[in-house]
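Chemist: I am attaching a structure below and will ask some questions about it afterwards.
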Amino acid sequence: MEIIGISLSYRTCSVDKRESLYLTNSEIQELITILKKELLLEGIIISTCNRTEILGLTKNDSIQPIDLINEILKFKPIENLTTDDFLKFFNCTAVKHILEVVSGIDSLIIGDSQILGQVKDAFILSENSKFLGTIFHRIEQISLKLGKKVISETILGEGAVSVSYAAIKVIEKIFSHFQNKKALIIGAGETAELAALHLKELNLEKIYITNRTREKGENLADKISAEFIEFENFDSIIQEIDILISATSSPNYLINFDQINSFRKFRRGKPLVIMDIAIPRDIDPKVANLDWIFYHDVDSLQKIIDQNIEKRKAEIPKIKSFIQEEMVTFFSWYNTLQIIPTLKNFRDFFEEIRSDEFEKIKNKLLPEEIEKVENMTKRLIGRILHNPTINLKKLSEDGSNYEKSSKYSKMLIELFNLNKSSKYE
Amino acid sequence: MDSFINILNLFLLLFYILSFTSYFLDFKNDLPFFKNSKRIFLFLTILIHLIFIVLLTNELKHFPITNKFEIFSFISFSIVFTYFLIELLTDIKGTGLFLLAFSLILQFQSVFLFKLNPNVLPILKSIPMGLHISTAILSYTAFSISAVYGILYFLLYNSIKTNKFGLYFNKLPDLEILEKLSFTAMSIGIILLSIAIIIGIIWLPIAFTNFNYYDPKIISTFIVWIFYVVGIIRKELGNLYGKKLIRFAIIGLFLIILASMGSSFFTYSFHTFD
Numbered sequence: 003m004e005i006i007g008i009s010l011s012y013r014t015c016s017v018d019k020r021e022s023l024y025l026t027n028s029e030i031q032e033l034i035t036i037l038k039k040e041l042l043l044e045g046i047i048i049s050t051c052n053r054t055e056i057l058g059l060t061k062n063d064s065i066q067p068i069d070l071i072n073e074i075l076k077f078k079p080i081e082n083l084t085t086d087d088f089l090k091f092f093n094c095t096a097v098k099h100i101l102e103v104v105s106g107i108d109s110l111i112i113g114d115s116q117i118l119g120q121v122k123d124a125f126i127l128s129e130n131s132k133f134l135g136t137i138f139h140r141i142e143q144i145s146l147k148l149g150k151k152v153i154s155e156t157i158l159g160e161g162a163v164s165v166s167y168a169a170i171k172v173i174e175k176i177f178s179h180f181q182n183k184k185a186l187i188i189g190a191g192e193t194a195e196l197a198a199l200h201l202k203e204l205n206l207e208k209i210y211i212t213n214r215t216r217e218k219g220e221n222l223a224d225k226i227s228a229e230f231i232e233f234e235n236f237d238s239i240i241q242e243i244d245i246l247i248s249a250t251s252s253p254n255y256l257i258n259f260d261q262i263n264s265f266r267k268f269r270r271g272k273p274l275v276i277m278d279i280a281i282p283r284d285i286d287p288k289v290a291n292l293d294w295i296f297y298h299d300v301d302s303l304q305k306i307i308d309q310n311i312e313k314r315k316a317e318i319p320k321i322k323s324f325i326q327e328e329m330v331t332f333f334s335w336y337n338t339l340q341i342i343p344t345l346k347n348f349r350d351f352f353e354e355i356r357s358d359e360f361e362k363i364k365n366k367l368l369p370e371e372i373e374k375v376e377n378m379t380k381r382l383i384g385r386i387l388h389n390p391t392i393n394l395k396k397l398s399e400d401g402s403n404y405e406k407s408s409k410y411s412k413m414l415i416e417l418f419n420l421n422k423s424s425k426y427e
Numbered sequence: 568m569d570s571f572i573n574i575l576n577l578f579l580l581l582f583y584i585l586s587f588t589s590y591f592l593d594f595k596n597d598l599p600f601f602k603n604s605k606r607i608f609l610f611l612t613i614l615i616h617l618i619f620i621v622l623l624t625n626e627l628k629h630f631p632i633t634n635k636f637e638i639f640s641f642i643s644f645s646i647v648f649t650y651f652l653i654e655l656l657t658d659i660k661g662t663g664l665f666l667l668a669f670s671l672i673l674q675f676q677s678v679f680l681f682k683l684n685p686n687v688l689p690i691l692k693s694i695p696m697g698l699h700i701s702t703a704i705l706s707y708t709a710f711s712i713s714a715v716y717g718i719l720y721f722l723l724y725n726s727i728k729t730n731k732f733g734l735y736f737n738k739l740p741d742l743e744i745l746e747k748l749s750f751t752a753m754s755i756g757i758i759l760l761s762i763a764i765i766i767g768i769i770w771l772p773i774a775f776t777n778f779n780y781y782d783p784k785i786i787s788t789f790i791v792w793i794f795y796v797v798g799i800i801r802k803e804l805g806n807l808y809g810k811k812l813i814r815f816a817i818i819g820l821f822l823i824i825l826a827s828m829g830s831s832f833f834t835y836s837f838h839t840f841d
């Protein structure tokens, strides 16, 4: 029995392939049923838009990661997807991989806050499919513990790493109360929608949405309980708003310097935050020179993102040390789990010989000698077995010596015929 | 006892340095140890300073605000105490470094000017005098704090305008909060200064035979008072906000410095006791 794993992620293939292999919950349950038949005793399947992972405990030592790849490709055949698109893991690397995934350091955006929840859901799905056994229950425990530790003891998830969120962070450095603030969002595309969703969380007094295509604009306005205004009329409300976010695909400026300058006169020093997150820009960047106008475009917001990514990267060594700690704890438990039956059989084997030999001479001993001789034989066996027992235990308790302890264990089984019902022949 | 108080004063300086350093290291390097311990160091500093003031008062038999050493020490205490309250009430921790720097300079001066002088004029030992001076000092402390918040406001304002998302951007509270803190400090300052002036108007003519309303210190204090009252009224009327208010707070501090220098160094005043 080995822990094996396969992984298909942004590290190994394009987004098209990742999306194609995405498994729904019902597909995962179906696949689990198939895997349980021939290949795995227990395990977990994680599938998100960025990755699909299968980790499990094999039914026997001959099962390899390639068998899992073949099974998933048979289950969901995808054109151009080959075995080379998968990473393969064994034992230590498999456990290390799941811990790296759950901690967020293996994510496309380092510190992705969603991955912990996704892994948690995957374990729940495994549990419901009766695919979680002793080993993967333990892996679930250490994974979730690590995920929580990363959140509470590091800054891996802190700071904005998307343009729209960085824009919100800048807005939060200008205003502290949003209940009396109004915002206008120009555009209704993906970027505008993301910004709108972030703005909604600030509980502003009012959010206006405008868009050239009325239907798209109205849909977004409905989604975030905002007010839609006609694209032709949006400049009439610039005077009353505090935040302006523009994210259209217009090739020309939608708002020029003179417009902002003329509105500014009526604002009596009230700050206007302009987030021009469109490429090419929607607003004349010269407005940044005006007093009380806080203008930021994608380039300036990118500086915040870069800083935050660097800060997150700096946390990786700390998280790797957490992972190392969890690995050592896990493998000392896991290896002992494998070695204990072997040691028991090993000691039973010697005990069988001892008691057999003792029975042979028992009748030749004087009554007062029986106990003494029996104790002596027990002590003798105890002393003979002391060092191999202790050393093998030590070896298995040290999480990093999994291969060695497994080898020794197999050696004992073979040398002393420990697998046979009657070992002593 | 003198030497004990002197040693305590030096010990106190050590705690000011410790508090300042922990706020500095937390501000600059985000070290977790200082994030948690800086408030403890500040609390200990305040506690030791309070003990120091009590011992000093007991030793001198008057409230310790009669010479430069005592006044600097008292201002230093009032700044850290005010800041500690602000931090506890608002949980805004990013501004401590700047106010502590101010306090630390005053505490340094206090150590160098250390002089125990129990033989002060009897007038300085009276309770109304103690109240008059302490409220005046506290009001100027509040105006100074208002100006410090104003400077921080400008630092952050410029950081945001020029896309420099460094320490100031990451550590300081938002512009609206800084404006609010500056205005709150200014409002507290004007209340305290008003109390100091009222006590002065009632009690000074009784206590001083040579009292006159044209005394330079009284005139300069009135100018400062009028300046801030006008500012607060303008703020309430909605004519003073944001950068304008902040500029006002900083100009106010310069006016206080000019007024104090003018009345203390260049003209005779019945208000001079040193």
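One line per chain: the protein sequences are E and X, in this order. Going by the numbering used here, the letters in the first sequence line up with residues 3 to 427, in that order. Going by the numbering used here, the letters in the second sequence line up with residues 568 to 841, in that order. Virtual Cβ for every residue (Gly too), placed ideally from N, Cα, C.
(1) With C-beta atoms as the reference, is S166/E less than 7 Å away from A197/E?
(2) Find out if the Cβ-Cβ distance for the pair I276/E, Y255/E is shorter than 7 Å.
(3) For S701/X, which residues in the same chain have their Cβ closer than 8 Å to its Cβ, ignoring the five residues on either side in sequence?
(4) Chain E partners of E561/X, CB-CB under 8 Å?
(5) F296/E CB to nearest chain X CB: under 7 Å?
(6) Does the stretch 702-722 of chain X come close enough to the stretch 753-770 of chain X to have 3 or more Cβ pairs within less than 8 Å?
(7) Determine the contact status of S711/X and L820/X, defining contact as a CB-CB distance below 7 Å.
(8) List the whole-angstrom C-beta distance separating F133/E from G45/E, where the pair is believed to meet the contact cut-off of C-beta under 8 Å.
(9) From the beta carbon of I176/E, is the nearest beta carbon of chain X less than 7 Å away?
(10) Note down, one range per segment and in chain order, each alpha helix (DSSP H) of at least 4 residues found wholly within the stretch 621-685 of chain X.
(11) Taking 7 Å as the threshold (C-beta atoms), are M3/E and L70/E in contact?
(12) With DSSP as the reference, label M277/E as helix, strand or coil.
(13) Who are T210/E's beta bridge partners in DSSP?
(14) In whole angstroms, what separates the C-alpha of L617/X from that of F644/X?
(15) Between the alpha carbons of S49/E and E81/E, how many angstroms are there, rounded?
(16) In its own chain, which residues sit with a C-beta less than 8 Å from the C-beta of E427/E, not counting the 5 before and 5 after it?
(17) Taking G7/E as part of the beta strand (DSSP E), name the residues at either end of that continuous run.
(18) Could you name the residues of the same chain whose beta carbon sits closer than 6 Å to that of I615/X, not counting the 5 residues immediately before and after it, in chain order?
(19) From the beta carbon of S145/E, is the nearest beta carbon of chain X less than 7 Å away?
(20) DSSP beta-bridge partners for E203/E?
(21) Check each candidate in Q31/E, K374/E, V97/E and name the one with the smallest Cα separation from S131/E.
(22) Put Y781/X into one of helix, strand or coil per three-state DSSP.
(23) Along the chain, where does the alpha helix (DSSP H) that runs through G149/E open and close?
(24) Taking all protein chains shown into account, decide if S670/X is buried (16 or more other Cβ within 10 angstroms of its Cβ) or exposed.
(25) Counting only the same chain and skipping the five closest in sequence on each side, list residues whose C-beta sits under 7 Å from that of K315/E.
(26) Figure out for me which residue from E746/X, G809/X, L585/X has the closest Cα to the Cα of F601/X.
(27) So, with DSSP's three-state summary, where would you put Y24/E?
(28) Take L33/E as the anchor and find which of L75/E, S16/E, C15/E has the nearest alpha-carbon.
(29) Please state the DSSP three-state secondary structure of L127/E.
(30) Within 10 angstroms of the Cβ of H388/E, are there 16 or more other Cβ atoms? Answer buried if so, exposed if not.
(31) Under three-state DSSP, which class holds L581/X?
(32) Taking Cβ to Cβ, would you say F732/X is nearer than 7 Å to K313/E?
(33) Please work out which residues of its chain come closer than 7 Å, Cβ to Cβ, to I107/E, disregarding the five sequence neighbours upstream and downstream, and give them in chain order.
(34) Measuring alpha carbon to alpha carbon, tell me which residue in S726/X, L627/X, Q674/X, D593/X is nearest I613/X.
(35) Measuring alpha carbon to alpha carbon, tell me which residue in L742/X, E654/X, T788/X, L734/X is nearest I813/X.
(36) In chain E, which residues lie less than 8 Å from N736/X when you measure between Cβ atoms?
Modeler: With the structure as the only source:
(1) Translated into positions along the first sequence, residue 166/E becomes position 164. Translated into positions along the first sequence, residue 197/E becomes position 195. In contact: S166/E and A197/E (Cβ atoms closer than 7 Å).
(2) Here residue 276/E refers to the residue found at position 274 when the first sequence is read from its first residue. Here residue 255/E refers to the residue found at position 253 when the first sequence is read from its first residue. Taking C-beta atoms as the reference points, I276/E and Y255/E fail to come closer than 7 Å.
(3) Here residue 701/X refers to the residue found at position 134 of the second sequence. If we look at S701/X and ignore the five residues flanking it on each side, its Cβ neighbours are F630, I632, F641.
(4) Because chain X spans 568 through 841 in this model, residue 561/X falls outside it and cannot be assessed.
(5) Mapped onto the first sequence, residue 296/E falls at position 294. Yes, F296/E counts as interfacial toward chain X.
(6) The way I'd put it, the stretch 702-722 of chain X does touch the stretch 753-770 of chain X; three or more beta-carbon pairs between them come closer than 8 Å.
(7) To locate residue 711/X, count along the second sequence from 1; it is residue 144. To locate residue 820/X, count along the second sequence from 1; it is residue 253. In this structure, L820/X lies closer than 7 Å to S711/X by Cβ.
(8) To locate residue 133/E, count along the first sequence from 1; it is residue 131. To locate residue 45/E, count along the first sequence from 1; it is residue 43. The Cβ separation is near 6 Å, so the contact holds.
(9) In the first sequence, counting from the first residue as 1, residue 176/E sits at position 174. For I176/E, the closest Cβ of chain X is nearer than 7 Å.
(10) Complete alpha helix (DSSP H) runs here, min 4: 635-657, 663-679.
(11) Looking up residue 70/E in the first sequence gives position 68. Looking up residue 3/E in the first sequence gives position 1. No, these two residues do not count as a Cβ contact at 7 Å.
(12) Along the first sequence, read from residue 1 onward, the residue named residue 277/E stands at position 275. In this structure, DSSP gives M277/E an extended state, which the three-state scheme calls strand.
(13) Locating residue 210/E in the first sequence gives position 208, counting from the first residue. According to the sequence as given, residue 210/E is Tyr; it is not Thr. The partner list for Y210/E (beta bridge, DSSP) reads L186/E, E229/E.
(14) As a first step, residue 617/X is located in the second sequence; it is residue number 50 there, counting from the start. As a first step, residue 644/X is located in the second sequence; it is residue number 77 there, counting from the start. Our two residues, L617/X and F644/X, have alpha carbons roughly 8 Å apart in a direct line.
(15) Against the first sequence, residue 49/E aligns to sequence position 47. Against the first sequence, residue 81/E aligns to sequence position 79. For S49/E and E81/E, the gap between their C-alpha atoms comes out near 19 Å.
(16) Along the first sequence, one-based indexing puts residue 427/E at 425. Because E427/E carries a pLDDT of 48, less than 50, the predicted location of this residue cannot be relied on, and the following value inherits that uncertainty. The answer, listed in chain order, is N419.
(17) The sequence position of residue 7/E within the first sequence is 5, counting from 1. Segment 5-11, the beta strand (DSSP E) holding G7/E.
(18) For the purposes of this step, residue 615/X is taken as residue 48 along the second sequence, with counting starting at 1. Non-local beta-carbon contacts of I615/X in its own chain, meaning distances under 6 Å to residues more than five positions away in sequence, involve L579, F582 in chain order.
(19) Mapped onto the first sequence, residue 145/E falls at position 143. So, not an interface residue.
(20) One-based indexing of the first sequence puts residue 203/E at position 201. The partner list for E203/E (beta bridge, DSSP) is empty, contrary to what the question assumes.
(21) Locating residue 131/E in the first sequence gives position 129, counting from the first residue. Comparing Cα positions, the closest option is Q31/E.
(22) What you label residue 781/X is simply residue 214 of the second sequence in a count that begins at 1. Y781/X carries a coil assignment under DSSP once its states are collapsed to helix, strand and coil.
(23) Locating residue 149/E in the first sequence gives position 147, counting from the first residue. G149/E -> alpha helix (DSSP H) spans 136-155.
(24) Working through the second sequence from its first residue, we reach residue 670/X at position 103. Buried.
(25) One-based indexing of the first sequence puts residue 315/E at position 313. Cβ neighbours of K315/E within its own chain (closer than 7 Å, five residues either side excluded): I112.
(26) Taking the second sequence and counting its residues from 1, the one referred to as residue 601/X is at position 34. Minimum Cα distance to F601/X is reached at L585/X.
(27) As a position in the first sequence, residue 24/E is number 22, starting the count at 1. Three-state DSSP puts Y24/E in coil, outside helix and strand.
(28) By one-based count along the first sequence, residue 33/E stands at place 31. Closest option to L33/E, Cα to Cα, is L75/E.
(29) Here residue 127/E refers to the residue found at position 125 of the first sequence. In the three-state scheme derived from DSSP, where H, G and I count as helix and E and B as strand, L127/E is classed as helix.
(30) Stepping through the first sequence from its first residue, residue 388/E is reached at position 386. H388/E sits exposed, since fewer than 16 C-beta atoms from the chains shown fall within 10 Å of its C-beta.
(31) On the second sequence, residue 581/X is found 14 positions in, with the first residue counted as 1. Secondary structure at L581/X: helix, using DSSP grouped into helix, strand and coil.
(32) The residue you call residue 732/X lines up with position 165 of the second sequence. The residue you call residue 313/E lines up with position 311 of the first sequence. Going by beta carbons, F732/X and K313/E fall outside the 7 Å limit.
(33) Translated into the one-based positions of the first sequence, residue 107/E becomes position 105. Excluding positions up to five away in sequence, the list reads I318, I321.
(34) Mapped onto the second sequence, residue 613/X falls at position 46. The option with the nearest alpha carbon to I613/X is Q674/X.
(35) Position 246 of the second sequence, counted from the first residue, corresponds to residue 813/X. Checking every option, the nearest Cα to that of I813/X belongs to L742/X.
(36) In the second sequence, counting from the first residue as 1, residue 736/X sits at position 169. In the sequence as displayed, the identity of residue 736/X is Phe instead of Asn. Neighbours of F736/X on chain E, chain order: K175.
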